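Below is one structure, written out as structure tokens; comments come after it.
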Amino acid sequence: MLGVTKRNLLRILRTPQMLIIGAVQPALLLVLFRYVLGGAIRIPGRSYVDYVVPAVFLEAVLIGGMTTSISLAEDLKSGIIDRFRSLPMARSAVLAGRTLADLSRAVLSLAIMVGLGLAVGFRFGASIPSIVAGLGVVVVFGYGFSWVYAAIGLATRDPETAQVAGILPFFVLMFASNAIVPVSTMPSWLRGFANNQPLSVTVSAVRALLEGGPAAHFVWLSLAWSAGMTLVFFTLAIGVYRRSVQ
Amino acid sequence: MIEVEGVTKTFGVTVALDDVDLVAESGKVLALLGPNGAGKTTLVRVLSTLLLPDRGSARVAGFDVVREARSIRGAIGLAGQYAAVDELLTGRENLELVGLWYHLDRATYVRRAHETLERFGLSGAGDRMVRTYSGGMRRRLDIAASLIASPPVLFLDEPTTGLDPKTRNDVWRFVEELVESGTTVLLTTQYMEEAERLAHRIVVIDTGKVIAEGTARELKDRLGGDVLEARVRERADLDRAAKVLSALGNSEPDIDAEEQTVAVPVTGGTADLIEAGRRLEAEKILLDDLGIRRPSLDDVFLALTGARTGEEGPGATS
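Top to bottom, those sequences are chains A and B. Position one of the first sequence corresponds to residue 1 (our numbering), numbered consecutively onward. Position one of the second sequence corresponds to residue 1001 (our numbering), numbered consecutively onward.
Following this line, the structure appears as structure tokens:
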């Protein structure tokens, strides 16, 4: 499995597009939300930058997760998976190695985003352990979500389709949530979904942990979602993997 | 070393393998000869545990392909037409990783990677990304990767398709060395020249069925004798020449419009040659060449299946 991780990391480092998706795009989104939208959106009681940056952290990690699905689809298409399957490699090693590599990538992107966030005015408002916990929740959620992407990549088997298919859940979760604007500004039919969907819950947890505030409730919910996603989509991914190579 | 019994594999309505039996002896080369779509790659995939057979059984290196697949994977090397090497890694990285995945320890896989890079003439390019390699170099790397762990059984799926003659020869010499050191090789090919050169035994396969089996000599003998071949000077004479010769031969004449030749298996030897010369002259057919030769595998294949084997390799003898 470590061999697969090493391979995947080397590949990510050598693919400029992946690095750009991982670093440049979130940076652009950060700038967009902070400066372009920031003036227009009023959040009672806090500055917009403090409101939106935790969400951008999460978004950076999730977007990077899309590379999981693209890479898996590429691997299936290229025939390298056949080589893996004819080797005495554990069946789970391919997927586990893939997500471990993405975890490493996620931590790195997060580090970059924290730097950028601080540069545009975000300020942490809590104790160090709380901040670490907050970043931890981001990474854990990103990990759980990468299994969703793994299942997508394996199911679509084609890099371009995987990319398109991956954007959809991301956008729905990102925008129909409390990440960018308060849910109270949304129409009533959307509020229920927006308030309770996994991304919103996680964003609330991260905000509370990074800036101080009651976090426990959201943290548990977020971790439950992450565990649930991992369980369900890991199982799906393994199932699709087995079927797709027979 | 490899035993296949009654293996059948169907994809939807297509029967890719139909009750295939074959045996590959330890330390020898078995060639699976057949045209595109014959089922060669499907059989290799079954034997390398990438596919499960629908019916029948198979054993590789003493292990059952269905129940002991994991053990088989540690004992085989696989190199395919579509060289499955990682483009974004260097040659060396590719080889070392494969060694790691065969559970070799670090010192061993580093050394083996180095050795096989040298053996295949890739030392210079070893630290460049595979993306920069030519097709021939990729194929060589693919074969090198299949050998990193020195497996007792090697599956080579059309290993020289699309390679230039020099690289092809290198691969052939290389397979011969491997066999000398005791490796069992199952080779699939469309080139009768390759099967003839490398294989101890040949299994001829078409549309999923084994249609003949034996040494190159045995298969040629099945034709019952020699091949009488005439090259006509005028293309328009081809059909008439074919009629003349088929009266002498014991099966359908093989007409090659491009080469302007007609070939037919005969049993009468030189007597048939002289008679053919007489009759063609009587018909006023001008000839550039007329002769008797031993049959090539291509002729054997034609007689067995009614069709030529795929592309002919460079220097093909038919």
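The beta carbon of each residue, even a glycine, is placed where N, CA and C say it ideally should be. Quick caveat, the model's predicted, so the values are computed rather than measured.
Can you tell me where the alpha helix (DSSP H) with residue i in it begins and where it stops?
i, result
"D1021/B", "Taken as a continuous stretch (DSSP letters only), D1021/B belongs to no alpha helix (DSSP H), being part of the beta strand (DSSP E) at T1014 to A1024."
"P159/A", "P159 to F175"
"G64/A", "Y48 to S78"
"I12/A", "L2 to L13"
"L210/A", "P198 to E211"
"E1093/B", "G1091 to W1101"
"P1265/B", "P1265/B -> not in any alpha helix (DSSP H); beta strand (DSSP E) instead, spanning T1261 to V1266."
"A1282/B", "T1270 to A1282"
"V1322/B", "Because chain B in this structure spans residues 1001 to 1318, residue 1322/B falls outside the shown range and cannot be described."
Going by alpha carbons, who is nearest to residue i out of the options?
i, options, result
"Q127/A", "L209/A, Y143/A, V137/A and G65/A", "Reading off the sequence shown, one finds Ser at residue 127/A, where the question assumed Gln. Per the Cα distances, L209/A."
"Y35/A", "R42/A, V49/A, V138/A and A60/A", "V49/A"
"K1220/B", "M1129/B, Y1133/B, F1301/B and E1068/B", "F1301/B"
"E1252/B", "D1299/B, D1206/B, T1207/B and K1284/B", "D1299/B"
"G125/A", "L9/A, G212/A, S146/A and I41/A", "G212/A"
"I1274/B", "G1291/B, V1232/B, D1239/B and L1186/B", "G1291/B"
"P182/A", "W189/A, S69/A and A194/A", "A194/A"
"A101/A", "L223/A, R242/A, V240/A and I12/A", "I12/A"
"A23/A", "R98/A, A215/A, I43/A and G117/A", "G117/A"
"D1021/B", "R1278/B, D1157/B, R1055/B and G1012/B", "R1055/B"
"E1193/B", "N1169/B, L1238/B and V1179/B", "N1169/B"
Would residue i pass as a contact of residue j if the rule is Cβ separation under 9 Å?
i, j, result
"S177/A", "Q163/A", "no"
"A1241/B", "R83/A", "no"
"L1089/B", "R7/A", "yes"
"T1160/B", "R1138/B", "no"
"A1061/B", "A1075/B", "yes"
"R207/A", "P88/A", "no"
"L28/A", "V52/A", "no"
"L1033/B", "V1203/B", "yes"
"I21/A", "G79/A", "no"
"S248/A", "G153/A", "A query on residue 248/A cannot be resolved here, the shown segment of chain A reaching from 1 to 246 and no further."
"V140/A", "S226/A", "yes"
"L1163/B", "V1175/B", "no"
"L173/A", "L10/A", "no"
"A60/A", "S109/A", "yes"
"A1149/B", "G1099/B", "yes"
"T1207/B", "V1015/B", "yes"
By Cβ distance, which residues of its chain are closer than 6 Å to residue i, with the 5 residues on each side in sequence left out?
i, result
"E1311/B", "Bear in mind that a pLDDT of 41 at E1311/B, under 50, signals an unreliable position, so the number given afterwards is only what the model happens to contain. Once the five neighbours on either side are set aside, E1311/B has no close Cβ partner at all."
"A1199/B", "V1029 and A1031"
"V1023/B", "E1003"
"P1053/B", "V1007, K1009 and V1046"
"G134/A", "V206, L209 and L210"
"V1262/B", "A1230, A1241, A1242, L1245, P1253 and I1255"
"T1317/B", "Any reading at T1317/B must be qualified, since the residue scores a pLDDT of 37, below 50, and its modelled position is unreliable; the value itself is stated next. Within the same chain, T1317/B has close Cβ partners S1296."
"F1120/B", "R1140 and A1144"
"I112/A", "A23"
Which of the three DSSP states, helix, strand or coil, is assigned to residue i?
i, result
"M89/A", "coil"
"R1240/B", "helix"
"P1165/B", "helix"
"G115/A", "helix"
"E1213/B", "strand"
"L1052/B", "coil"
"K1009/B", "strand"
"R1073/B", "helix"
"M1001/B", "coil"
"V94/A", "helix"
"G1039/B", "coil"
"L236/A", "helix"
"F255/A", "Coverage of chain A is limited to positions 1 through 246, which leaves residue 255/A absent and any answer about it impossible."
"I21/A", "helix"
"F145/A", "helix"
"F33/A", "helix"
"G1310/B", "Caution applies to G1310/B, whose pLDDT of 49 falls short of 50 and renders its modelled position unreliable; the value that the coordinates give is listed next. Reduced to three states, the DSSP call for G1310/B is coil."
"S1318/B", "Its pLDDT being 34, under 50, S1318/B is placed unreliably in this model, and the coordinates cannot settle the point."
"D1127/B", "coil"
Skipping 5 residues on each side, what residues in its chain have a beta carbon closer than 7 Å to that of residue i?
i, result
"P1314/B", "Reliability of the predicted coordinates at P1314/B is poor, the pLDDT of 36 falling under 50, and no value is obtained from them."
"T156/A", "A73, A162 and A165"
"V148/A", "P169, M229 and F233"
Sorted by chain position, which residues of the same chain lie with C-beta nearer than 8 Å to residue i's C-beta, five sequence neighbours on each side aside?
i, result
"L1117/B", "G1091, R1092, L1095, S1123, G1126 and A1144"
"P1265/B", "L1223, G1224, G1225, D1226, V1227, L1228, G1249, N1250, S1251, P1295, D1299 and A1303"
"F57/A", "L110, M113, V114, G117, L135, V138 and V206"
"L103/A", "V139, G142, Y143 and S146"
Which residues bound the beta strand (DSSP E) around residue i?
i, result
"G1056/B", "R1055 to V1060"
"D1157/B", "V1153 to D1157"
"E1193/B", "Taken as a continuous stretch (DSSP letters only), E1193/B belongs to no beta strand (DSSP E), being part of the alpha helix (DSSP H) at M1192 to L1198."
"L1141/B", "Run containing L1141/B: none in the beta strand (DSSP E); it sits in the alpha helix (DSSP H), G1135 to L1147."
"E1229/B", "D1226 to V1232"
"L1030/B", "V1029 to L1033"
"V1065/B", "Unbroken run through V1065/B: none, as it is neither H nor E."
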